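Undergrad:
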Amino acid sequence: MAWIKTPKNWELPNQEITPEDIYLRRREFLSTTLKFSAAAMTLMHPISYSSPLCAEEKKEIPSFDPTPESIASKFNNFYEFGVEKDQLWKSARKLETKNWTIEVGGLVKKSKTLDVETLIQRFPEEERVYRLRCVEAWSVVIPWLGFPLRLLIDQLDPLPSARYVKFTTFLLPNIALAQKNRFWEPWPYTEGLTLEEARHDLTFMATGVYGHPIPNQHGAPIRLIVPWKYGFKSIKSIVRIDFTDKLPATFYTSMSPLEYDFEANVNPDIPYARWHQAFERIPGKEETEKTLLYNGYAKQVASMYS
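Once you know that position 267 of the sequence shown is 267 in the numbering used here, the rest is easy, because the numbers rise by one and skip nothing.
Shown next as structure tokens:
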């Protein structure tokens, strides 16, 4: 599938991306093949490119120092595999992601099963450079590859009565040992969005990172990215999507509704029970940064909550 770079007014400058050698090599490769791939992409998918960021728009984008890839790939949350962030990349290797499918149901015209490999080929691949802000008060900047969720929703034909989208990940307790060891918790992991949030242009289905297929610890083979919300909303390794007219029960909200709200928008003025949210630390650095409302995407999403 052709790789498409679509600049938007919310994008971070390249120097603020968490760096990775593979990503840089891919950039070099693309620069040498652009004149050929651009023609091919135009034939396959008509593309409308927006203009690059002007100086005034860039002023609105906060600056983040790069996070080394050695940290970004080995400092993760994937609760199904435990809580030791620096070990999850090893534990998650056990997950077999070949022949992955997603079941679609609920308030849709027709339930169906999606083959993820086929799904990836269905849409033009875009790069989205997003901040990822964890509720534990740390953040990174990562270049994801994938497609806007709204493109998939348009093809799934939700009924007019649908108001929410529920996402479910796998249930494999013999592989994801936290599901076995903490059997009393409401597995499998679930999350949800309003249909308006799900259809927002920033909401993204990621299938790659740093120019290559997404590794297991980041949520292979397909995950959700909602950059203005805390990271636990961006569910990994999705196996089911349901449309509903009722607020869906979600994993953390079910266990601790007073601590984890369904909306979970990044807000420096609202602390969570275990973490203050006014500042965030950058893995690999000693200093902290001020947390921005909606993780810096207020201009794009605040109108949904006014």
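Note that CB positions come from ideal geometry on N, CA and C, so glycine has one too.
The structure presented is a predicted model; accordingly, all values stated were derived computationally and were not measured.
Out of Lys229, His218 and Trp138, which one is the CA nearest neighbour of Thr97?
TA: Indexing the sequence shown from 1 puts residue 97 at position 97. When only C-alpha atoms are compared, the closest one is His218.
Undergrad: Any idea which residues DSSP pairs Ser139 with across the strands?
TA: Indexing the sequence shown from 1 puts residue 139 at position 139. In the DSSP output, where bridge partners are listed per residue, Ser139 has Arg133.
Undergrad: Within the same chain, show all residues whose beta-carbon is closer than 8 Å to that of Leu183, passing over the 5 residues directly before and after it, in chain order.
TA: The residue given as residue 183 occupies position 183 in the sequence shown. Checking the sequence, you will find Phe at residue 183 rather than Leu. These residues qualify, in order along the chain: Pro173.
Undergrad: Considering only the alpha carbon of each residue, which of Thr190, Phe204, Arg93 and Thr253 lies closest to Phe123?
TA: Taking the sequence shown and counting its residues from 1, one reaches residue 123 at position 123. Nearest C-alpha to Phe123: Phe204.
Undergrad: Which residues does DSSP pair with Ala206 in a beta bridge?
TA: Within the sequence shown, numbered from 1, the residue matching residue 206 stands at position 206. Per DSSP, Gly146 and Arg223.
Undergrad: Only counting the same chain, and skipping five residues up and downstream in sequence, which positions put a Cβ closer than 6 Å to that of Ala176?
TA: The count along the sequence shown starts at 1 and reaches residue 176 at position 176. Excluding positions up to five away in sequence, the list reads Glu80 and Phe81.
Undergrad: Looking at the unbroken alpha helix (DSSP H) that takes in Thr118, where does it start and where does it end?
TA: Looking up residue 118 in the sequence shown gives position 118. Val116 to Arg122 is the span of the alpha helix (DSSP H), which, as asked, contains Thr118.
Undergrad: Name the residue from Leu195, Phe170 and Arg163 whose alpha carbon lies nearest to the alpha carbon of Leu151.
TA: Residue 151 sits at position 151 when you count from the first residue of the sequence shown. Taking only the C-alpha atoms, the option nearest Leu151 is Leu195.
Undergrad: Output the distance between the C-alpha atoms of Ile22 and Val140, rounded to the nearest integer angstrom.
TA: Your numbering for residue 22 matches position 22 in the sequence shown. Your numbering for residue 140 matches position 140 in the sequence shown. Any reading at Ile22 must be qualified, since the residue scores a pLDDT of 41, below 50, and its modelled position is unreliable; the value itself is stated next. Rounded to whole angstroms, Ile22 to Val140 spans 18 Å at the Cα level.
Undergrad: Please state the DSSP three-state secondary structure of Lys112.
TA: Along the sequence shown, read from residue 1 onward, the residue named residue 112 stands at position 112. Three-state result, Lys112: strand.
Undergrad: Under 8 Å, do Asp320 and Lys74 count as touching if we go by C-beta distance?
TA: Lying before the first or after the last residue shown, residue 320 is absent from the chain, which here runs from 1 to 306.
Undergrad: Please classify Glu259: does DSSP put it in a helix, a strand, or coil?
TA: On the sequence shown, residue 259 is found 259 positions in, with the first residue counted as 1. Residue state, collapsed to three classes: coil.
Undergrad: Return the first residue and the last residue of the beta strand (DSSP E) that Glu197 is part of.
TA: On the sequence shown, residue 197 is found 197 positions in, with the first residue counted as 1. Counting along the chain, Glu197 falls outside any beta strand (DSSP E), though it belongs to the alpha helix (DSSP H) covering Leu195 to Ala198.
Undergrad: Taking 8 Å as the threshold (C-beta atoms), are Gln277 and Pro283 in contact?
TA: Numbered from 1 along the sequence shown, position 283 holds the residue referred to as residue 283. Numbered from 1 along the sequence shown, position 277 holds the residue referred to as residue 277. For Pro283 and Gln277, no; Cβs fall outside 8 Å.
Undergrad: With 16 other CB atoms within 10 Å as the buried threshold, where does Arg274 fall?
TA: Here residue 274 is taken as the residue at index 274 of the sequence shown, counted from 1. Per the 10 Å Cβ criterion, exposed.
Undergrad: Just the Cα atoms here: how many angstroms apart are Ser91 and Val116?
TA: Taking the sequence shown and counting its residues from 1, the one referred to as residue 91 is at position 91. Taking the sequence shown and counting its residues from 1, the one referred to as residue 116 is at position 116. Their Cα atoms are separated by approximately 23 Å.
Undergrad: Expressed to the nearest angstrom, what Euclidean distance is found between the alpha-carbon atoms of Gln179 and Tyr189?
TA: Indexing the sequence shown from 1 puts residue 179 at position 179. Indexing the sequence shown from 1 puts residue 189 at position 189. Approximately 9 Å, taken between the alpha carbons.
Undergrad: Check whether the segment 235-243 and the segment 100-115 touch, using three or more Cβ-Cβ pairs below 8 Å as the test.
TA: The segment 235-243 is in contact with the segment 100-115.
Undergrad: Measuring straight from C-alpha to C-alpha, what distance separates Tyr130 and Lys166?
TA: Translated into the one-based positions of the sequence shown, residue 130 becomes position 130. Translated into the one-based positions of the sequence shown, residue 166 becomes position 166. Rounded to whole angstroms, Tyr130 to Lys166 spans 22 Å at the Cα level.
Undergrad: Thinking C-alpha only, which one of Phe170, Ser237, Ser303 and Glu280 is nearest Leu132?
TA: Numbered from 1 along the sequence shown, position 132 holds the residue referred to as residue 132. Selected option, being the one with the closest Cα: Glu280.
Undergrad: Return helix, strand or coil for Arg93, following the three-state DSSP convention.
TA: Along the sequence shown, one-based indexing puts residue 93 at 93. Of the three classes helix, strand and coil, the one that applies to Arg93 here is helix, per DSSP.
Undergrad: Take Thr168 as the anchor and find which of Ile102, Phe262, Tyr305 and Leu119 has the nearest alpha-carbon.
TA: Counting from 1 along the sequence shown, the entry for residue 168 is found at position 168. Per the Cα distances, Ile102.
Undergrad: Strictly by DSSP, which residues pair up with Phe243?
TA: Locating residue 243 in the sequence shown gives position 243, counting from the first residue. According to DSSP, Phe243 bridges with Gly106 and Val165.
Undergrad: Alpha carbon to alpha carbon, what distance is there between Glu263 and Arg163?
TA: As a position in the sequence shown, residue 163 is number 163, starting the count at 1. As a position in the sequence shown, residue 263 is number 263, starting the count at 1. Spanning the two alpha carbons is a distance of roughly 14 Å.
Undergrad: Put His45 into one of helix, strand or coil per three-state DSSP.
TA: In the sequence shown, the residue the question calls residue 45 occupies position 45. Interpretation of His45 is limited by its pLDDT of 34, a score under 50 that renders its predicted location unreliable; the figure taken from the coordinates is listed afterwards. His45 falls in the coil class under three-state DSSP.
Undergrad: Just mark Ile235 as buried or exposed, buried being the case when its beta carbon has 16 or more other beta carbons within 10 Å.
TA: As a working mapping, residue 235 is identified with position 235 in the sequence shown. With 16 or more other Cβ atoms within 10 Å, it is buried.
Undergrad: In whole angstroms, what is the alpha-carbon distance linking Leu293 and Ala198?
TA: Against the sequence shown, residue 293 aligns to sequence position 293. Against the sequence shown, residue 198 aligns to sequence position 198. Approximately 19 Å, taken between the alpha carbons.
Undergrad: What does a CB cutoff of less than 7 Å around Thr250 pick up in its chain, not counting 5 residues either side in sequence?
TA: In the sequence shown, residue 250 corresponds to position 250, counting from 1. Excluding residues within five positions, the ones whose Cβ falls inside 7 Å are Thr190, Glu191, Gly192 and Phe262.
Undergrad: Within a Cβ cutoff of 6 Å, which residues of the same chain sit near Trp89, ignoring the five residues on either side of it in sequence?
TA: Along the sequence shown, one-based indexing puts residue 89 at 89. Counting only Cβ-Cβ distances below 6 Å, and skipping sequence neighbours, we find Lys74 and Gln217.
Undergrad: Would you call Ala302 buried or exposed, if buried means 16 or more other Cβ atoms sit within 10 Å of its Cβ?
TA: One-based indexing of the sequence shown puts residue 302 at position 302. Exposed, by the Cβ-count rule.
Undergrad: Using a Cβ-Cβ cutoff of less than 8 Å, which residues in the same chain neighbour Phe170 once the five nearest sequence positions on both sides are dropped?
TA: Numbered from 1 along the sequence shown, position 170 holds the residue referred to as residue 170. Excluding sequence neighbours, Phe170 sits near Glu80, Leu95, Ala176, Pro188, Ser237 and Val239.
Undergrad: Mind checking Thr207: buried by the 16 CB within 10 Å criterion, or exposed?
TA: The residue given as residue 207 occupies position 207 in the sequence shown. Buried.
Undergrad: Out of Asp245, Ile270, Glu259 and Met304, state which residue places its alpha-carbon closest to the alpha-carbon of Pro158.
TA: The residue given as residue 158 occupies position 158 in the sequence shown. Taking only the C-alpha atoms, the option nearest Pro158 is Asp245.
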